[in-house]
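Mapping to full-length UniProt numbering: the sequence shown position 117 is 117, numbers consecutive.
Virtual Cβ for every residue (Gly too), placed ideally from N, Cα, C.
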Amino acid sequence: MMVQEESSEERRQDERVGKNLRVRFTRLEDLLADIPYREGQLLDISGGGLCFMAEEALPLGSQLVMVLEFPGWHAVAEGKWIATKVEEDVGVLRAVGMVSWVANSRSKPGGYETGVSFSGKVSA
């Protein structure tokens, strides 16, 4: 397992948005084995992927199934969301992605910043 140090050179195609949310995730093979989802802290999200803090270093190339809940948002149609600003409204995004990088966290000792590239979404 290779854990990368953060690089000053990034190849980002989409603007990232910081969010203070939890992400539930599991590796695809763990899902098939009925292993429960784990939780991480979402650090940022963009159209191409997301970054979250995990308690363990996930293997590069791992396929993840992720669930994110967005309070104050509502899915109105396939791929269309509206901001309701009502905390009880919760938009749920289920996505599939691949772990593209892992770095030791500078802000949380023992934590791992994990970069995931989206590869698809899961229908409700």
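Counting only the same chain and skipping the five closest in sequence on each side, list residues whose C-beta sits under 6 Å from that of residue i.
| i | result |
| --- | --- |
| E39 | R22 and R24 |
| G91 | F70, W73, H74, A75 and W81 |
Should residue i go down as buried or exposed, given a rule of 16 or more other Cβ atoms within 10 Å for buried?
| i | result |
| --- | --- |
| V99 | buried |
| A33 | exposed |
From residue i to residue j, what does the alpha carbon distance come to, in whole angstroms?
| i | j | result |
| --- | --- | --- |
| E113 | E78 | 30 Å |
| L93 | G120 | 11 Å |
| L43 | W101 | 14 Å |
| K108 | I82 | 33 Å |
| E87 | L68 | 15 Å |
| K85 | N20 | 15 Å |
Could you pull the DSSP bridge partners for residue i from this structure?
| i | result |
| --- | --- |
| H115 | The amino acid at residue 115 is misidentified as His; the sequence shows Gly. The partner list for G115 (beta bridge, DSSP) reads C51 and W101. |
| R38 | F25 |
Going by beta carbon distance, what residues of the same chain come within less than 7 Å of residue i, once the five residues before and after it are set aside?
| i | result |
| --- | --- |
| G61 | M98 and V99 |
| S117 | G48, G49, G97, M98 and S100 |
Please work out which residues of its chain come closer than 8 Å, Cβ to Cβ, to residue i, disregarding the five sequence neighbours upstream and downstream, and give them in chain order.
| i | result |
| --- | --- |
| L64 | F25, T26, R27, L28, L58, V96, G97, M98, V99 and V116 |
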